[in-house]
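Listed in order, the protein sequences are those of chains B and C. 401 is the number that the working numbering gives to position 401 of the first sequence; each next residue is one higher, with no gaps. Count along the second sequence starting at 1, add 1000, and that's the number in the working numbering. By construction, the Cβ of each residue, glycine as well, lies at the ideal position given by its N, Cα and C atoms. All values derive from a computational prediction rather than experimental measurement.
2 protein chains.
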Amino acid sequence: MNGNHETLKVDIMAYTPIGPLFTDLYELTMAAGYFARSMSAEATFSLFVRDCAERNFFVAAGLEDVLRELSVLAFSKDDLAYLESTGLFGADFLSHLEGIRFTGEVRAMPEGSIFFPEEPILEVTASIIEAQIIETFLLNTVGFQTLIASKAARCVHAAAGRPLIDFSLRRTQGRDGGMKVARSSYLAGFSATSNVLAGRRYDLPVSGTMAHSFVQTFPDEEDAYAAFAEAFPDNSVFLIDTYDTVEGARLAARVGNAMKQHGASLKGVRLDSGDMIALSRQVRRVLDHAGLPGVQIYASSGFDEFKISETLAGGAPIDAFGVGTKMGVSADAPYMDIVYKLVRFNGRDVRKLSPGKATLSGRKQVFRRSDHHGRYQADTIGLADEHLEGHLPLLQTVMTGGKISDARPSLDHIRDRFRRNFSMLGDDYKSLDEKKVYPVRVSRALQAIQESQ
Amino acid sequence: MNGNHETLKVDIMAYTPIGPLFTDLYELTMAAGYFARSMSAEATFSLFVRDCAERNFFVAAGLEDVLRELSVLAFSKDDLAYLESTGLFGADFLSHLEGIRFTGEVRAMPEGSIFFPEEPILEVTASIIEAQIIETFLLNTVGFQTLIASKAARCVHAAAGRPLIDFSLRRTQGRDGGMKVARSSYLAGFSATSNVLAGRRYDLPVSGTMAHSFVQTFPDEEDAYAAFAEAFPDNSVFLIDTYDTVEGARLAARVGNAMKQHGASLKGVRLDSGDMIALSRQVRRVLDHAGLPGVQIYASSGFDEFKISETLAGGAPIDAFGVGTKMGVSADAPYMDIVYKLVRFNGRDVRKLSPGKATLSGRKQVFRRSDHHGRYQADTIGLADEHLEGHLPLLQTVMTGGKISDARPSLDHIRDRFRRNFSMLGDDYKSLDEKKVYPVRVSRALQAIQESQ
Chain B
1 MNGNHETLKV DIMAYTPIGP LFTDLYELTM AAGYFARSMS AEATFSLFVR
51 DCAERNFFVA AGLEDVLREL SVLAFSKDDL AYLESTGLFG ADFLSHLEGI
101 RFTGEVRAMP EGSIFFPEEP ILEVTASIIE AQIIETFLLN TVGFQTLIAS
151 KAARCVHAAA GRPLIDFSLR RTQGRDGGMK VARSSYLAGF SATSNVLAGR
201 RYDLPVSGTM AHSFVQTFPD EEDAYAAFAE AFPDNSVFLI DTYDTVEGAR
251 LAARVGNAMK QHGASLKGVR LDSGDMIALS RQVRRVLDHA GLPGVQIYAS
301 SGFDEFKISE TLAGGAPIDA FGVGTKMGVS ADAPYMDIVY KLVRFNGRDV
351 RKLSPGKATL SGRKQVFRRS DHHGRYQADT IGLADEHLEG HLPLLQTVMT
401 GGKISDARPS LDHIRDRFRR NFSMLGDDYK SLDEKKVYPV RVSRALQAIQ
451 ESQ
Chain C
1001 MNGNHETLKV DIMAYTPIGP LFTDLYELTM AAGYFARSMS AEATFSLFVR
1051 DCAERNFFVA AGLEDVLREL SVLAFSKDDL AYLESTGLFG ADFLSHLEGI
1101 RFTGEVRAMP EGSIFFPEEP ILEVTASIIE AQIIETFLLN TVGFQTLIAS
1151 KAARCVHAAA GRPLIDFSLR RTQGRDGGMK VARSSYLAGF SATSNVLAGR
1201 RYDLPVSGTM AHSFVQTFPD EEDAYAAFAE AFPDNSVFLI DTYDTVEGAR
1251 LAARVGNAMK QHGASLKGVR LDSGDMIALS RQVRRVLDHA GLPGVQIYAS
1301 SGFDEFKISE TLAGGAPIDA FGVGTKMGVS ADAPYMDIVY KLVRFNGRDV
1351 RKLSPGKATL SGRKQVFRRS DHHGRYQADT IGLADEHLEG HLPLLQTVMT
1401 GGKISDARPS LDHIRDRFRR NFSMLGDDYK SLDEKKVYPV RVSRALQAIQ
1451 ESQ
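Encoded structure:
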């Protein structure tokens, strides 16, 4: 069932900052090291994903939280008292921290952008201490939301137009995880979420059916359906696998037909276990023979892009999927190798040579070349101030002097942008199991910088 | 470096409730269905893990948050206004929700308990609506914290006494994920966390070294070390792999020896890339030859229980590990099949027969039999009111009438309990890669209940 989310434009969109202690200790000890040497020169850091064997593309997400957090960054008295209590920091440094705000520049790909390994999706340019202490927060925020949006996009692609509902809340990795999964999956094309708080906070359509426990509290299954239909005459989806799925379908059909006589209408039934292809066909036949061709079949239980794809390829007449755990934790790839690397400091491009972990130095831009239909052809990572004829630069200035540059897009706007972007990505890259590397080059000017060091 | 966390007993231990909208919509629509039929009889739900192929045992965690949330559960005016705005719920039901508090009973294994598949780790007995609407919150909270504590325990076992530091914050699945990973890994024997906010909130030791960016901001590596040593004369761990690890070790040793002359002392060096066995041996030789046998070797970069075990088996002279991403998302098993099932309603034990998802009905207890050294021998799942001679019942009453029953244990107390419990679990079950099923039986009385239905 879908709630009507039009009525109330809620006021809890207000962002709750997590604060600057949400950081690895070393960000603060390094800051103390810089402070001790009076180092405050400008630094640029690049945030990018090194690779992820299981993904051909990524969907940028998390920028909204980044901008909101950075725009109010400040150490509270309590934060400073705690840091003092660790015995690690001197009074001068703590006093310096007290005055710290984020006053730098952020350039980033908008949420809903599609990007590839090694491409910077966000660059921060600020005084070294300001740029350093936000590292952990940036990686956590952009990394997780991008991880989920990228996974969800694969599910949406596999469903080939059928609606998907986020059912993951019970198994997400913590509370904030559950909230961000609802937002990130909606951004990538999910239709609704079961997460009521996310429905409220992000103004998302909320959806849900019933659990086995509901059926079990009634002496018999049919009575459970009838009770639910009374409470939700136009929004009932009956769960039919508590005892026997096909028998459940027959009982649901009987209640569905009874509902018609009261001017009500059964919306659907849900399968939650067993052989989804065989059962959905049997259930479809039961419903059709009962004169209920409009009653939809929802399916849940372990769905991800792989199971959706296999089930539909097997001809299952499923109308909508509840997609839970495996999307909500990105089970096949529960993390990405996302990093935030110093690329320029005090007017000098810097490099790092750790085995297997080299980084492109310099302040950068990502340029995308498309064909005349808008279809993505190839990207070039270049210098921030380069101009590549016929290419679209993807990083936009979203924060200047610590102030948010533009009106921020709504989530529905971001979702539309993702849908358009995704339609421009070649189908080869959307393969669920074949690795296909999108062409990403390095511009001559950027290459020259690497070699000159 | 470790902060001194003794000084300030912080006041932000205060729990922030997430509120009753942190739920799947169907919990509320089912509640509306019960309400419409005036159903308010007592229900018992069992929370348990069905199975997890990758784990031989689990470590219970999350109860503290459960008790705090349930003890203040209430729908706010804003919550109710939002629910009204969805158009799904009638005024009578919303008015009923307004008066809802959790007034039931919770029986649970204490945090730090070791348990096995199918064993209830928590049972709720309350009026059906109260017991139903907390499902999603309970699964999310207990499931995730248990997932991480179970993973962390494996890492602690693999490290064989060497300290482990939680470095996961940048890659945890969201903010709350990062906080709970710090707490859950400490509970399971980690020594410290890099997460400063978790250090503050949970009074944990905080620890950290330096990043590559710190080294890169200085014209040369040795100068970076010297600057850090000035700021942290007794707490410096130098990261030595920015350019060349062995050369980094030589420079670190030179600075370490210079520190001695100022009465300071280099604590350690950190390796973050490359062949950990070969490099740690080379670095140990460099440090020893420089007269610095007391300088410790820290290692990070992709460590989990498997890599720790292999690295130590290869003879790596590593003194402490930073354990990040793979522990922080439980990468090899990023979710468990944890469920919350109705087992008794209105005086009647209930069952569910969905394929592959049968549930033991009845209000239950888990009984553990140990040998005379206290070593765990076998468990029996029985009825809540059974008494099994010579067995220890693991579920304790922790909430009665919605009130927390006892003074809650401190995190250090829980950590000690886990350590004692873990020493009583046979080594076979601690194998990292071999499946070994701990014997869990069903009592005759509980079996009789299943068959009588």
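Sorry if obvious, but does the Cβ on residue i come closer than 7 Å to a heavy atom of the ligand ATP?
i                 : result
Phe1418 (chain C) : Of ligands this structure carries none, so the ligand ATP is not represented either.
Less than 8 Å separating the beta-carbons of residue i and residue j?
i                 : j                 : result
Arg270 (chain B)  : Ala299 (chain B)  : yes
Arg1419 (chain C) : Asp24 (chain B)   : no
Phe214 (chain B)  : Ala226 (chain B)  : no
Ser1280 (chain C) : Ile1318 (chain C) : yes
Gly33 (chain B)   : Ala1231 (chain C) : yes
Met984 (chain C)  : Met259 (chain B)  : Only positions 1001 to 1453 of chain C appear in this structure, which leaves residue 984 (chain C) out of reach.
Val1156 (chain C) : Gly1178 (chain C) : no
Glu119 (chain B)  : Asp379 (chain B)  : yes
Leu432 (chain B)  : Ser309 (chain B)  : yes
Val1246 (chain C) : Gly1268 (chain C) : no
Ala1152 (chain C) : Ser1194 (chain C) : no
Phe35 (chain B)   : Leu70 (chain B)   : no
Ala198 (chain B)  : Arg175 (chain B)  : no
Ile128 (chain B)  : Ala41 (chain B)   : yes
Quick one: residues in its chain with C-beta nearer than 6 Å to the C-beta of residue i, no 5 flanking neighbours on either side, listed in chain order?
i                 : result
Asp349 (chain B)  : Ser361, Gly362, Ile449
Ile414 (chain B)  : Glu111, Gly112, Leu187
Leu425 (chain B)  : Ile114, Tyr376
Phe218 (chain B)  : Ala224
Pro233 (chain B)  : Ala264
Ala126 (chain B)  : Gly104
Glu1054 (chain C) : Asp1332, Ala1333
Return the chain-ordered list of same chain residues with a C-beta closer than 8 Å to the C-beta of residue i, the five sequence neighbours on each side being excluded.
i                 : result
Thr136 (chain B)  : Phe22, Thr23, Asp24, Glu27
Leu1465 (chain C) : Absent from the structure is residue 1465 (chain C), since the part of chain C shown begins at 1001 and ends at 1453.
Asn257 (chain B)  : Ala290, Gly291, Leu292
Asp406 (chain B)  : Val398
Kindly indicate which three-state DSSP category residue i falls into: helix, strand or coil?
i                 : result
Arg1417 (chain C) : helix
Gln1396 (chain C) : strand
Ser1046 (chain C) : strand
Arg1368 (chain C) : strand
Val437 (chain B)  : coil
Arg1175 (chain C) : helix
Asp412 (chain B)  : helix
Arg127 (chain B)  : Residue identity differs from the one stated: residue 127 (chain B) is Ser in this sequence, not Arg. Of the three classes helix, strand and coil, the one that applies to Ser127 (chain B) here is strand, per DSSP.
Asn1235 (chain C) : coil
Asp51 (chain B)   : coil
Gly1019 (chain C) : coil
Ile1381 (chain C) : strand
Thr1193 (chain C) : strand
Ser455 (chain B)  : Because chain B here runs from 1 to 453, residue 455 (chain B) falls outside it and cannot be looked at.
Asp1406 (chain C) : coil
Leu122 (chain B)  : strand
Ile1165 (chain C) : strand
For residue i, I'd like the list of residues in its chain whose CB is within less than 7 Å of its CB, leaving aside the five on either flank, ordered along the chain.
i                 : result
His1387 (chain C) : none
Ala160 (chain B)  : Leu312
Tyr1429 (chain C) : Asn1056, Phe1057, Lys1436, Tyr1438
Val339 (chain B)  : Phe48, Arg50
| field | Segment contact flag, the stretch 73 to 93 of chain B with the stretch 327 to 336 of chain B, C-beta cutoff 8 Å, min 3 pairs | value | no
| said: Any contact between the stretch 46 to 66 of chain B and the stretch 100 to 113 of chain B? By contact I mean 3 or more CB pairs, one from each, below 8 Å. | reply: yes
| Does the stretch 249 to 266 of chain B touch the stretch 280 to 298 of chain B, meaning 3 or more C-beta pairs lie closer than 8 Å? | Yes: the two stretches touch, three or more of their Cβ pairs being nearer than 8 Å.
| task | May I have a chain-ordered list of the alpha helix (DSSP H) segments no shorter than 4 residues that lie completely inside the stretch 1295 to 1355 of chain C? | result | 1305 to 1313, 1325 to 1328
| task | Note down, one range per segment and in chain order, each alpha helix (DSSP H) of at least 4 residues found wholly within the stretch 1054 to 1119 of chain C. | result | Secondary structure within the stretch 1054 to 1119 of chain C: the alpha helix (DSSP H) runs of 4 or more consecutive residues, fully enclosed, are 1063 to 1071, 1077 to 1085, 1091 to 1098 (chain order).
| said: Measuring CB atoms only, is the stretch 1042 to 1055 of chain C touching the stretch 1132 to 1150 of chain C, in the sense that at least three cross pairs come out at less than 8 Å? | reply: yes
| query | Taking contact to mean at least 3 C-beta pairs separated by less than 8 Å, is the stretch 1095 to 1107 of chain C in contact with the stretch 1157 to 1170 of chain C? | reply | The stretch 1095 to 1107 of chain C vs the stretch 1157 to 1170 of chain C: no contact.
| said: Give the list of continuous beta strand (DSSP E) stretches no shorter than 3 residues that lie fully inside the stretch 215 to 289 of chain B. | reply: 237 to 239, 268 to 271
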